[in-house]
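I have placed the structure first, in the form of structure tokens, so that the comments after it can refer back to it.
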Amino acid sequence: MPEFQPRVFSGVQPTGNLHLGNYLGAITKFVALQETHDCIYCVVDLHAITVPQNPAELKASIREVTAAFLAAGIDAKKHIVFNQSQVSEHAELAWVLNCVARLGWLTRMTQFKEKAGKDRENVSVGLYAYPILMAADILVYRATHVPVGEDQKQHLELARDIAQKFNLDFGEEIVALGHGDAFFPLPEPLIQGPATRVMSLRDGTKKMSKSDPSDYSRINLSDDADTIAQKIRKAKTDPEPLPREVEGLAKRPEAENLVGIFAALEGRSKAEVLEAYGGGNFSTFKSALIDLTVAKLTPIGEAMAKLAQDQAHIDAVLEDGAARARVLAAETMKAVKDIVGFVR
Ligand code: AQP
């Protein structure tokens with residue numbers, strides 16, 4: 001493998017209700033990686049339309065996710081922030097990768113099985129092909145690191161398989177065209193910390209999700225302090241006091257989830273949180289969790305609301321980001337066309 005320039009890529013779907021899971025699993029990592037890497041953060045609107053969207057709401061959501069990125073501390077001047085549909089190379093590379101990936105690989109994707117449910121014959125082809133577009137999103141920038149929540153692990157593994165198969169299928173051309181023995185890096189997932197899979201506040205066995213019909217299942221980035229307090233107070237728990245050690249969280253999914261959220265918000269480990277709160281009851285712990293969550297999230301919600309009033313600014317950020325992303329993506333596509341054998 002040649003030495004690839006370290007580069008971070010990740011995306012968030014503009015499908016409404018950005019929540020604490022998106023924040024802890026992805027956005028906080030995006031912010032931290034800016035210190036050490038060149039980063040590209042994308043509002044993945046092409047992914048959003050794999051399920052039906054209301055066009056006016058989709059536009060609003062694209063701007064809202066962009067505002068969340070900026071409000072959380074992503075620097076769109078030093079790094080790149082844009083929406084996917086403005087850079088057509090994502091879809092173009094996805095087609096080539098459609099022809100590299102194998103049908104059997106996609107059939108194994110658990111997210112598709114969950115999302116399609118029993119109505120498999122009626123979901124869009126796009127929902128099935130989604131992981132290939134995700135591979136193209138990453139590989140069109142030849143990104144080396146991808147911060148994501150635990151739920152995206154399988155898709156990342158698929159992206160690595162696709163990159164590897166492309167490198168093997170076109171090995172001779174890749175060498176002949178002077179790219180060394182591999183054109184695409186095998187992108188590494190960055191899935192770390194105590195909250196890589198934040199669970200629903202109503203059911204500790206289900207992922208906190210945008211599409212859960214109950215708003216009490218999640219804390220939205222736009223929730224005000226009272227709403228956050230109410231949701232945490234009503235969050236499901238069990239009758240036992242909090243354990244003193246992490247092992248005691250086994251088989252207690254709701255307790256484990258709240259401790260994980262606390263740890264991630266405070267930048268501590270679960271063990272440290274239990275040192276402070278283990279042995280105590282949930283009501284004391286929940287009060288501290290409310291204070292912490294309000295302190296961390298409400299400034300972001302307020303900054304998002306302010307940014308939302310300046311649509312022209314948000315659109316200008318996306319346009320500028322897309323122009324810079326396009327330069328990098330076009331370079332990759334040119335090379336891919338030469339490797340595959342297209343005349344250009
Ligand atoms: N509950 C979660 N815990 C930790 N990380 C999470 N992520 C999502 N939910 C959690 C991470 O957030 C990033 C952006 O996710 P996405 O917007 O691309 O889509 P998603 O995973 O489909 O989000 P939802 O909320 O789960 O939507 P629905 O309800 O449509 O299924 C990703 O890095 C993801 O891992």
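No gaps in the numbering here: position 202 of the sequence shown is 202 in my numbering, and each next residue is one more. Every residue, glycine too, gets a C-beta built ideally from N, C-alpha and C.
Give the C-beta separation of residue i and residue j to the nearest angstrom, bearing in mind that I take them to be a contact with Cβ-Cβ under 8 Å.
i, j, result
"TYR141", "ARG7", "6 Å"
"CYS42", "ASP137", "6 Å"
"ALA263", "SER269", "6 Å"
"ILE40", "ILE74", "Rounded, the Cβ-Cβ distance is 11 Å, inconsistent with contact."
"VAL87", "ARG344", "Not really, about 18 Å apart at Cβ, beyond 8 Å."
"ASP224", "GLY301", "7 Å"
"ALA143", "PRO187", "6 Å"
"ILE228", "ILE290", "7 Å"
"LEU139", "ALA116", "Contact flag wrong, Cβ pair sits at about 25 Å."
Should residue i go down as buried or exposed, given a rule of 16 or more other Cβ atoms within 10 Å for buried?
i, result
"PRO185", "buried"
"PHE342", "exposed"
"LEU24", "buried"
"LYS77", "exposed"
"PRO147", "buried"
"GLU245", "exposed"
"PRO239", "exposed"
"ASN54", "exposed"
"ASN281", "exposed"
"THR332", "buried"
"LYS231", "buried"
"GLU374", "Here the chain comprises residues numbered 1 to 344, so residue 374 is not present and cannot be evaluated."
"VAL336", "buried"
"LEU177", "exposed"
"LYS206", "exposed"
"GLY149", "buried"
"GLU319", "exposed"
"ARG218", "buried"
Mind checking who residue i pairs with in its DSSP beta bridge?
i, result
"ARG344", "According to DSSP, which records beta bridges pairwise, ARG344 is partnered with nothing at all."
"MET199", "LYS207"
"HIS19", "ASN220"
"ASP38", "ARG7"
"LEU190", "PRO147"
"VAL12", "VAL43"
Would residue i pass as an interface residue toward chain B - the criterion being a Cβ-Cβ separation below 9 Å?
i, result
"GLN5", "Absent from the structure: chain B. Only one protein chain is present."
Taking three-plus beta-carbon pairs below 8 Å as touching, is the segment 92-106 in contact with the segment 250-267?
no
With contact counted as at least three CB pairs below 8 Å, one residue from each stretch, are the segment 214-228 and the segment 149-167 in contact?
no
Could you tell me which whole beta strand (DSSP E) segments of length 3 or greater appear in the segment 73-156?
80-83 and 145-147
When you compare the segment 55-65 with the segment 4-22, are there three or more beta-carbon pairs, one atom per stretch, that lie closer than 8 Å?
yes
Would you check if there are 3 or more beta carbon pairs closer than 8 Å linking the segment 166-181 to the segment 121-128?
no
Is the segment 46-55 touching the segment 294-302 in the sense that three or more CB pairs, one from each, lie closer than 8 Å?
no
Hey, which unbroken runs of the alpha helix (DSSP H) at 4 residues or more fall wholly within the segment 37-71?
45-48
Fully enclosed by the segment 233-282, which alpha helix (DSSP H) runs are 4 residues long or longer?
253-266 and 270-277
So, do the segment 181-199 and the segment 231-245 have three or more beta carbon pairs nearer to each other than 8 Å?
no
Touching by the beta-carbon criterion (3+ pairs, under 8 Å), the segment 17-36 and the segment 83-91:
no
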